[in-house]
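>
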DNA sequence: AATGAATGAGTATTCATTCAT
DNA sequence: AATGAATGAATACTCATTCAT
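Chains as they are written, first to last, in the working numbering: chain L, 1 to 231; chain P, 1001 to 1231; chain S, 2001 to 2231; chain B, 3001 to 3231.
1. Give the single residue among L/197, L/113, L/29, L/42 whose Cα lies nearest to the Cα of residue 144 of chain L.
2. Return the CA-CA distance between residue 67 of chain L and residue 2059 of chain S, expressed in angstroms with no decimal places.
3. Determine the direct distance from the alpha carbon of residue 2036 of chain S to that of residue 2012 of chain S, and round the result to whole angstroms.
4. I'd like to know if residue 192 of chain L contacts chain P, where contact means its C-beta is closer than 8 angstroms to some C-beta of that chain.
5. Taking only three categories from DSSP, how would you classify residue 3151 of chain B?
6. Mind checking if residue 2170 of chain S is an interface residue toward chain B, Cβ cutoff 8 angstroms exclusive?
7. Given a limit of 9 angstroms on CB to CB distance, which residues of the region 3133-3161 of chain B reach chain S?
8. Hey, could you find the ends of the alpha helix (DSSP H) residue 2059 of chain S is sitting in?
9. Is any beta-carbon of chain B found at less than 8 angstroms from that of residue 2031 of chain S?
10. Return the chain-ordered list of same chain residues with a C-beta closer than 8 angstroms to the C-beta of residue 178 of chain L, the five sequence neighbours on each side being excluded.
11. Going along chain P in order, which residues have a C-beta closer than 7 angstroms to the C-beta of residue 186 of chain L?
12. Where does residue 3196 of chain B fall in DSSP's three states?
13. Please confirm if residue 3044 of chain B has its CB atom under 8 angstroms from at least one CB of chain S.
14. Alpha carbons only, please: which of P/1093, P/1132, P/1032, P/1057 is nearest the one belonging to residue 1014 of chain P?
15. Take the Cβ of residue 9 of chain L as the centre, count every other Cβ of all protein chains shown within 10 Å, and call the residue buried at 16 or more, exposed below.
16. Answer with buried or exposed for residue 1186 of chain P, where buried requires no fewer than 16 other C-beta atoms within 10 angstroms of its C-beta.
17. Show which residues of chain B have a CB atom less than 9 angstroms away from the CB atom of residue 2189 of chain S.
18. On the DSSP letters alone, give me the boundaries of the alpha helix (DSSP H) that residue 2132 of chain S sits inside.
19. Sort S/2087, S/2065, S/2073, S/2029 by Cα distance to residue 2193 of chain S and report the nearest one.
20. Which bits of chain S does residue 2980 of chain B rub up against, with CB to CB less than 7 angstroms?
21. So is residue 2234 of chain S in contact with chain B if we call contact Cβ pairs under 8 angstroms?
22. Got a sec, what are the start and stop residues for the alpha helix (DSSP H) residue 3088 of chain B sits in?
23. Within 10 angstroms of the Cβ of residue 1141 of chain P, are there 16 or more other Cβ atoms? Answer buried if so, exposed if not.
24. Within 10 angstroms of its Cβ, does residue 20 of chain L collect 16 or more other Cβ (buried), or is it exposed?
25. Under 8 angstroms, Cβ to Cβ, is there at least one residue of chain S near residue 3118 of chain B?
26. Drop a sphere of 10 angstroms on the beta-carbon of residue 2162 of chain S, count the other beta-carbons inside from all chains shown, and report buried for 16 or more, exposed for fewer.
27. Any beta carbon from chain B within less than 8 angstroms of residue 2173 of chain S's own beta carbon?
28. Reducing DSSP to helix, strand and coil, say where residue 2175 of chain S ends up.
29. Can you tell me whether residue 1022 of chain P is helix, strand or coil according to DSSP?
30. Residue range of the alpha helix (DSSP H) that residue 1046 of chain P falls in?
31. Alpha carbon to alpha carbon, what distance is there between residue 3184 of chain B and residue 1120 of chain P?
32. Excluding the five sequence neighbours on either side, which residues of its own chain have a C-beta within less than 6 angstroms of the C-beta of residue 1153 of chain P, listed in chain order?
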């Protein structure tokens, strides 16, 4: 009699946590139901009382960890308005996820995506919800004229998540630490100039310069030739 | 007598191609030696005459497709000198690889990296050789003053390969087509301003503004206080 | 549904018995897990619920049959004191084992000993425990002066077990019967004179002869030379 | 082109030697045709040009090494006449075989005997020829009155070969050295008194006693009846 | 006499899942 | 809610042997 009877729901979550850690550490295929059962302290068949199958367990384990993060992001979507700040948040949040929950990331990035019916799965839905924030941020940035009209939201999505995951993955493999703040700054420094409307940085400066130049010329003329001034 | 006896070396390559396609389509774990043998038209044990193990077959399959690409890239490294053109080439080449050999990419990106001893494997070596080109291009760009001194080569590497793989992967999953030229242009448009020395675009404008502003102040003072003017 | 669900522990022993018989009849290498499973009436994988591996099954099968015999012998060690009777018991017990459990003997003698790590295995330990009885019997016999001081316990061990196994083996191969009592007597008849102290048989006669010879000489002298007699 | 074409018959023997060593070292089942082929320096299929099957190769390998020894023994049978000396020779020769060719012994004792059709095989024939010498020696010893009439030749055979093999086996397992001369002496010391006619030890003493007793009687009579004395 | 490709029947072991208790 | 016995389909890998060249 290894595993005690647990209050309803508690055992279910316990299984989830163990499964998530093992899937993350060893991968889905290389984790057995026996491993999970042993980790929980029950026999294999007990798992099936709570989850219909190994796949189902994977889905639930991912959702369990993924949903809080998504809610995080969706809240941020409401409180941050500046498009550039939103992009920055997306990068920062994703890097932090890798830094804080590397297992979950490995799970989603490597395991879930390899599954045959990934695109139709709930996991893909969660993924879409999670990334929708950035897509919308870019779209709005373009619309409001802050971002260049040439910027394609989906490309920015690939850029942001592709880059952060590539970084995160490298860090995970080497089990090194991830300097979230610094990486966010560095990445923003590279892409910001390419995102914002040329006007917003150079153009605004440019037209201001023109205006000033004209003004200066005018003034200068007035000073030199008082008779002509004001006419 | 399913498979005819083949000339020396030919069967070996045939197995490689079948294995690569299956590994890519279904993943390493979900591909069995029986699948491969059936694909080739021989019995399982025949595979072992040519490859010592399933892992070995995976390694050889990857190398077989990867090495020509690497040689491609290494040749480009010699013929392209402009740092920006090199970055563009890295993006373009990687996207083309995804467009032309999606199986190989799935293999390397998803399967090989998940293997327990990936970092020590020859595949990781190939990977490093392949990416060395971009790392060096950025480093040289920074050194020669074309790129901003703040640009971190390894971050650019993550950016370029992370983004292109993220794009490629999405395209692969949807089995859609990949517009290599357009994506290359778009991505370059976003990152180029962030890579090249700030001075080249905004700094020049900035100093012009300062000059003008000083001029205006001077003029303004002269107008309001003619006595002080010229002093 | 080939095999009924059995009460706890019963199936485990059932497997043991089937495995032992098959290992004994066909040898370890020539017995497959499939054979054993079929003999039990379950599928192969069911065996692994009870035994970790084929080797483990062999070890347990041997121990299961061997241990009772060893306890038998160890009890005898306490109840028999005469060294010669102990040697006789060792022969008799070993021959009886061959007569009653030929499979076990084939197993231990032929299969287990051929295993690569035999000397370090528990089976070798059981073997040592089993033979310790005879080694000690001879050593004590020598010490107490009943056996000749030249008798080497380990040689007697080789002699007793080597001979009985050779006999047993021949009988096994021909599936003939083994006349335990007669063989014990015959073997004892050959080795007993060589074991016991020469004195116990010949010496006593020898000294009697000397005494008589001296007496005769004395008498003869007295007869021939009456004057010297009585001095 | 690994293996050169060898003069007829030479390759055949080369294979035999390699096979014998491998069978002996690793056992029949644990030696593969590939192992043997590699040892010889040819491919597996080349072995079949010389030997019909793996079993056949085992038989030939054993015979090849066994026959010279048998001829040795058969020559000894002609030159040694004393029964006791013959028994001693059998022990000594068998121990020497173990000391000099442990591989062959392992082969014959452990591998060949486990084969399903051992009794009908040529190897069993060789075995019988080899042991015939001792059987006959004992039979003749009994017949000529040197050995006790109770001595069973086949039991002596079991005793001699069983004991020597048991010794040899233990030595082989521990890869220790075998003191052939000493072991021969020690074993002979134990069994000789049991083999030779009791008379040769006790009977001689017995007849001496009888002679003395007669003498005493004679003397006694002479004393009592002086007139009859000396007649 | 030898090669190298190919076969087919194994071979122990794994594992998700089911089911009676 | 949990156990433990049992299943069956797989799974990578082995190996003696055959055959065309």
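All residues carry an ideal CB built from backbone N, CA and C; glycine is no exception.
Since the model is a prediction, treat every value here as computed from it, not as a measurement.
Taking the coordinates as given:
1. Along the first chain, one-based indexing puts residue 144 of chain L at 144. Nearest C-alpha to residue 144 of chain L: L/197.
2. As a working mapping, residue 67 of chain L is identified with position 67 in the first chain. As a working mapping, residue 2059 of chain S is identified with position 59 in the third chain. Rounded to whole angstroms, residue 67 of chain L to residue 2059 of chain S spans 52 angstroms at the Cα level.
3. Walking along the third chain from the start, residue 2012 of chain S turns up at place 12. Walking along the third chain from the start, residue 2036 of chain S turns up at place 36. Going by the C-alpha atoms only, they are around 12 angstroms apart.
4. Against the first chain, residue 192 of chain L aligns to sequence position 192. Closer than 8 angstroms: yes.
5. On the fourth chain, residue 3151 of chain B is found 151 positions in, with the first residue counted as 1. Correct three-state label for residue 3151 of chain B: coil.
6. Taking the third chain and counting its residues from 1, one reaches residue 2170 of chain S at position 170. Judged by the 8 angstroms Cβ criterion, residue 2170 of chain S is in contact with chain B.
7. 3148, 3150, 3151, 3152, 3154, 3155, 3156, 3157, 3158, 3159, 3160, 3161
8. Here residue 2059 of chain S corresponds to residue number 59 of the third chain, with the count starting at 1. 2054-2079 is the extent of the alpha helix (DSSP H) around residue 2059 of chain S.
9. The residue labelled residue 2031 of chain S in the question sits at position 31 within the third chain. It does not: the Cβ of residue 2031 of chain S has no partner Cβ on chain B nearer than 8 angstroms.
10. Start at 1 with the first residue of the first chain, and residue 178 of chain L comes out as number 178. The residues are 95, 98, 99, 167, 168, 171.
11. Locating residue 186 of chain L in the first chain gives position 186, where the first residue counts as 1. Under the 7 angstroms cutoff, chain P gives 1152, 1155.
12. Looking up residue 3196 of chain B in the fourth chain gives position 196. Three-state DSSP puts residue 3196 of chain B in a strand.
13. The residue given as residue 3044 of chain B occupies position 44 in the fourth chain. No - not a single Cβ of chain S is within 8 angstroms of the one on residue 3044 of chain B.
14. In the second chain, the residue the question calls residue 1014 of chain P occupies position 14. Residue P/1057 is the option with its Cα nearest to residue 1014 of chain P.
15. Start at 1 with the first residue of the first chain, and residue 9 of chain L comes out as number 9. By the beta-carbon neighbour count (other beta carbons within 10 angstroms, threshold 16), residue 9 of chain L is exposed.
16. Here residue 1186 of chain P refers to the residue found at position 186 of the second chain. Classification of residue 1186 of chain P: buried, given that the 10 Å Cβ count is 16 or more.
17. As a working mapping, residue 2189 of chain S is identified with position 189 in the third chain. Here the neighbours are 3148, 3150, 3151, 3194.
18. Within the third chain, the letter at position 132 stands for residue 2132 of chain S. It spans 2122-2143 - the alpha helix (DSSP H) in which residue 2132 of chain S sits, taken as one unbroken run.
19. Walking along the third chain from the start, residue 2193 of chain S turns up at place 193. Minimum Cα distance to residue 2193 of chain S is reached at S/2087.
20. For chain B, the structure presents residues 3001 to 3231; residue 2980 of chain B sits outside this window and is missing.
21. Not covered by the structure: residue 2234 of chain S. The range shown for chain S is 2001 to 2231.
22. Locating residue 3088 of chain B in the fourth chain gives position 88, where the first residue counts as 1. Taken as a continuous stretch (DSSP letters only), the alpha helix (DSSP H) holding residue 3088 of chain B covers 3083-3100.
23. Residue mapping note: residue 1141 of chain P aligns to position 141 of the second chain, counting from 1. By the 10 Å Cβ count, residue 1141 of chain P comes out buried.
24. Counting from one through the first chain, the residue named residue 20 of chain L turns up at place 20. Its Cβ being crowded by 16 or more others within 10 Å, residue 20 of chain L is buried.
25. Here the question's residue 3118 of chain B lines up with position 118 in the fourth chain. Chain S contact via Cβ: present.
26. On the third chain, position 162 is the one that residue 2162 of chain S refers to. Buried is the call here.
27. The sequence position of residue 2173 of chain S within the third chain is 173, counting from 1. Yes, because at least one Cβ of chain B sits closer than 8 angstroms to the Cβ of residue 2173 of chain S.
28. Within the third chain, the letter at position 175 stands for residue 2175 of chain S. In the structure shown, residue 2175 of chain S sits in coil (DSSP, three-state: anything other than H, G, I, E or B).
29. Start at 1 with the first residue of the second chain, and residue 1022 of chain P comes out as number 22. Reduced to three states, the DSSP call for residue 1022 of chain P is helix.
30. Position 46 of the second chain, counted from the first residue, corresponds to residue 1046 of chain P. Where residue 1046 of chain P is concerned, the enclosing alpha helix (DSSP H) stretches over 1044-1050.
31. For the purposes of this step, residue 1120 of chain P is taken as the residue at position 120 of the second chain. For the purposes of this step, residue 3184 of chain B is taken as the residue at position 184 of the fourth chain. For residue 1120 of chain P and residue 3184 of chain B, the distance between alpha carbons rounds to 60 angstroms.
32. On the second chain, position 153 is the one that residue 1153 of chain P refers to. Excluding residues within five positions, the ones whose Cβ falls inside 6 angstroms are 1135, 1138, 1139.
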